[in-house]
Amino acid sequence: MTQMDYKYSLLGSSVDDYRKRPLLLQVDDTPMNLFAVLEVKRDLPRRWSTLGCFRKIRLYSFLFGLAVMFLIMASYILTGDKKGLLLTPSPYHFSSLVSPGPFAFNLSSVKDYAHIKLVVKSITSKVEFRSSRQLPELKALVNSEPHMFSVIPRKFLPGVKNPCWYEEYTGNITSDPYRTNLYARYSRRFRTVFQHLRNTFRKHLFHRGGKLYRVRCLPYFYIIGQPKCGTTDLYDRLRLHPDVKFTTFKEPHWWTRKRFGIIRLSEGFHDRYPVEDYLDLFDQAAYQIQGNLTANASGTPSQPDIIIGEASASTMWDNNAWVYFYENNTQEEPPFLIQDFIHALQPDARFIIMLRDPVERLYSDYLYFGIANKSAEDFHEKVSESLQLFEGCLTEYTMRSCVYNTTVNNAMPVRLQVGLYIVYLMDWLTVFSREQILVLRLEDHASNRKYTMHKVFDFLNLGPLTKDMESEITRSPASNTRRPADKNLGPMLTLTKEILRDFYTPFNEKLAKVLRNDSFLWESNSKL
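Going left to right, the sequence shown walks through residues 47 to 574 as this note's numbering numbers them.
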């Protein structure tokens with residue numbers, strides 16, 4: 047078992063072994079490792095007899111056949127076809143491959159509306175909402191992330207609105223403080239930003255008692271979700287406020303992915319990004335809070351009202367990495383969630399959630415992230431397949447377990463689970479108060495930006511703006527709208543919309559009840 051940094055280890059096989067089997071072929075429900083087949087001994091006789099040549103021809107024919115089979119299977123993956131072919135699932139204690147539910151059918155030819163309705167009816171009959179979950183103890187959180195808790199203090203600078211502190215700098219002041227930052231390794235944009243930070247790093251060091259200190263900050267607020275719900279537009283407008291600063295780019299995804307070494311979900315694991323790499327992203331904003339130390343020998347920040355935001359739209363829902371790093375002792379559910387760690391470090395943090403009709407969100411998500419062969423018909427089949435996978439999980443596990451089931455989430459060709467907003471919100475409300483979470487609707491934001499932006503300003507306790515500044519923030523064109531090529535594909539099929547509306551209805555009803563706002567029922571069938 048290969049040990050990871052900070053006392054983590056992968057469950058099951060080592061990382062190297064896991065990467066050696068990236069493709070499984072399902073034959074009679076028995077997974078077969080193709081790379082094992084390709085290990086063919088080539089110790090043939092050296093004499094060029096007729097028999098030897100014949101054997102060579104047979105061997106080369108066999109290898110050629112394997113190569114053709116491999117190329118065909120690769121084409122299946124590239125075109126998104128998953129009939130009998132699955133990427134290696136997560137080492138989750140569920141089953142070797144995800145099984146369909148009791149309503150199995152041929153997804154490539156199904157046109158029977160009543161049949162799909164049975165699948166949805168089976169799912170909705172199993173929907174249940176637990177009032178609470180077992181919260182982890184602080185000691186367990188610290189033991190799982192000892193380095194992170196050793197870097198971030200429990201108290202921050204007094205008199206400063208944003209959570210900041212001074213950290214002793216023990217490095218060589220002539221060396222590059224960002225030379226090991228992994229964000230810079232994988233992003234050209236970061237390399238440019240860090241070049242500027244290198245040039246100003248030394249003048250921002252604070253001298254006291256013969257020691258050097260650097261200012262460090264965490265975000266005051268987080269825009270945590272959801273994808274394709276208008277978070278980019280909200281981020282772009284908030285950046286225009288003079289008292290709001292963000293990371294060097296919108297979505298660091300540190301809490302959900304980079305912390306575990308996930309760069310791209312299709313590439314497996316890389317080196318884990320330490321918390322220092324994440325904190326580096328806030329240095330530019332931290333320097334503005336700190337101000338000019340030359341004129342301020344006390345080190346007291348000169349702009350204490352500036353706040354920092356972070357806008358990774360995966361923070362609310364993406365806990366898929368848990369199964370690789372945490373021991374499974376909670377009956378197929380994550381023992382720790384992202385919000386547990388944030389709350390332990392920042393109990394006063396604030397969160398903004400932007401939601402939209404989950405039916406429309408899923409179609410927008412499909413159009414944005416789909417690779418090839420996108421169409422309303424293809425979306426319908428992917429929805430049908432995903433519903434069957436989710437229903438299959440519910441035959442053995444609870445609804446909440448299936449929402450956090452990494453294998454199911456990875457296997458579903460569309461991200462149904464992201465639209466189950468209430469499941470995630472209820473878990474966030476187990477550690478943060480309702481007053482710390484602002485929930486908005488994209489539909490309201492699109493129809494009245496001035497209203498929603500004022501709600502955000504009030505929630506973040508931001509000061510008043512001039513009329514010109516307010517006009518600039520609220521009248522800017524919308525960001526990250528649907529691409530022209532995707533618009534040309536037209537709307538989803540009416541049948542697909544009806545199926546998805548039936549699926550999401552019980553979740554929307556619970557959401558509206560918790561928020562005490564019937565607009566979250568999305569009964570107006572918005573087409574945003």
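Heads up, the beta-carbon is just placed ideally off N, CA and C, and yes, glycines get one too.
None of the values given here were measured: they were computed from a predicted structure.
Rounded to whole angstroms, Asp-351 and Gly-337 show a C-alpha spacing of 12 Å.
Under the three-state reduction of DSSP output, Trp-568 falls in the coil class, being neither helix nor strand.
Secondary structure at Cys-275: coil, using DSSP grouped into helix, strand and coil.
For Met-400, the enclosing beta strand (DSSP E) has its first and last residue at 396-401. Fewer than three beta-carbon pairs drawn from the segment 445-459 and the segment 477-485 are found closer than 8 Å, and the two stretches are therefore not classed as touching. For the pair Asp-329 and Asn-227, the CB atoms are not nearer than the 8 Å cut-off. Going by DSSP, Trp-363 is part of no beta strand (DSSP E) at all; its letter is neither H nor E.
Counted as a single uninterrupted DSSP element, the beta strand (DSSP E) harbouring Glu-356 occupies residues 353-356. Under the DSSP assignment, Arg-495 falls outside any beta strand (DSSP E), being part of the alpha helix (DSSP H) whose first and last residues are 495-505.
Judged by beta-carbon spacing, Leu-488 lies beyond the 8 Å limit of Arg-562, meaning their Cβ atoms are not closer than that value.
Beyond the five residues adjoining it in sequence on each side, Glu-213 comes within less than 6 Å, by CB distance, of Arg-260, Arg-262 in the same chain, given in chain order.
According to DSSP, residue pairing for Trp-211 in a beta bridge involves Arg-262. The segment 390-400 and the segment 508-519 do not touch, with fewer than 3 CB-CB distances between them shorter than 8 Å.
Taking C-beta atoms under 8 Å as the contact rule, Arg-283 and Met-499 qualify, at a distance of about 6 Å. Sorting Tyr-159, Val-166, Phe-175, His-161 by C-alpha distance to the C-alpha of Glu-437 places Val-166 at the top. Counting along the chain, the unbroken alpha helix (DSSP H) around Val-560 starts and ends at 540-561.
Counted as a single uninterrupted DSSP element, the beta strand (DSSP E) harbouring Phe-292 occupies residues 290-292. In the displayed model, Lys-257 falls within a strand according to three-state DSSP. Nearest in C-alpha terms to Tyr-319, of all of Trp-301, Glu-313, Tyr-333, is Trp-301.
In this structure, DSSP gives Ile-468 a helical state, which the three-state scheme calls helix. Excluding its 5 nearest sequence neighbours in each direction, Tyr-333 has C-beta neighbours in its own chain below 6 Å: His-250, listed in chain order. Nearest to Asp-411 by C-alpha distance, out of Tyr-232, Asp-222, Leu-475, Ala-359, is Ala-359. Between the segment 543-559 and the segment 421-439 there are three or more inter-stretch CB-CB distances shorter than 8 Å, so the stretches are counted as touching. Here Asp-386 is buried. Its C-beta has 16 or more other C-beta atoms within 10 Å. Of all alpha-carbon atoms in His-389, Ile-519, His-253, the one lying nearest the alpha-carbon of Leu-184 is that of His-389. Under the three-state reduction of DSSP, Arg-487 is assigned to strand. In the DSSP assignment, Ile-198 is bridged to no other residue.
Within the same chain, Cβ atoms closer than 8 Å to the Cβ of Arg-244 are found at Asp-222, Pro-223, Tyr-224, the five residues on either side in sequence being excluded.
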